[in-house]
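Each residue of the sequence shown is one higher than the one before, starting from 204 at the first, in my numbering.
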Amino acid sequence: MAGLMPVRICNGPANGTPPCPTRTLVPARPGSKQASRCPPCQAQWQTSRGTTLQRGYGPEHRWLRAQLLATYQPTDLCWRCGQPLGPDPSVLDLGHTDDRLGYMGLEHAACNRAQRRLFVG
Ligand SMILES: [Zn+2]
Ligand SMILES: [Zn+2]
């Protein structure tokens, strides 16, 4: 028998980890595009992807924060409050510009949170 479509396997909610419980995809209807995830996985994947992007803490953010923490001086100033950043990197965050399209630099996590509270209201 020729002409069988290959069985598509769901990518899972996060590119295979954890694996999808069903593993198989419902074949797409003629004329519509085959999805790479079954509907529940698609929903989960989009949710996790969306929140990561919305919060601005993707791999790029973590990488840049690590770079800055590796090179900053404790006497460098927090761009929000103007006080020295201090010797403890665990209390420091990488600050966003207000439009969230760029980064301002290292800041106290407390200053970051204070500003976020202000925004959320
Ligand atoms: Zn799935
Ligand atoms: Zn500060």
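Glycine included, each C-beta is placed from N, C-alpha and C at the ideal position.
- For Cys314, the shortest C-beta to heavy atom distance toward ligand 1 is 7 Å or greater.
- Here the alpha carbon of Leu228 sits roughly 39 Å from the alpha carbon of Ala269.
- At least one heavy atom of ligand 2 falls within 7 Å of the beta-carbon of Gln286.
- In terms of side-chain proximity, the C-beta atom of Arg211 is found no nearer than 7 Å to any non-hydrogen atom of ligand 1.
- Residue nearest to Glu263 within the set Tyr275, Gly289, Pro216, Leu304 is Leu304 (criterion: CA-CA distance).
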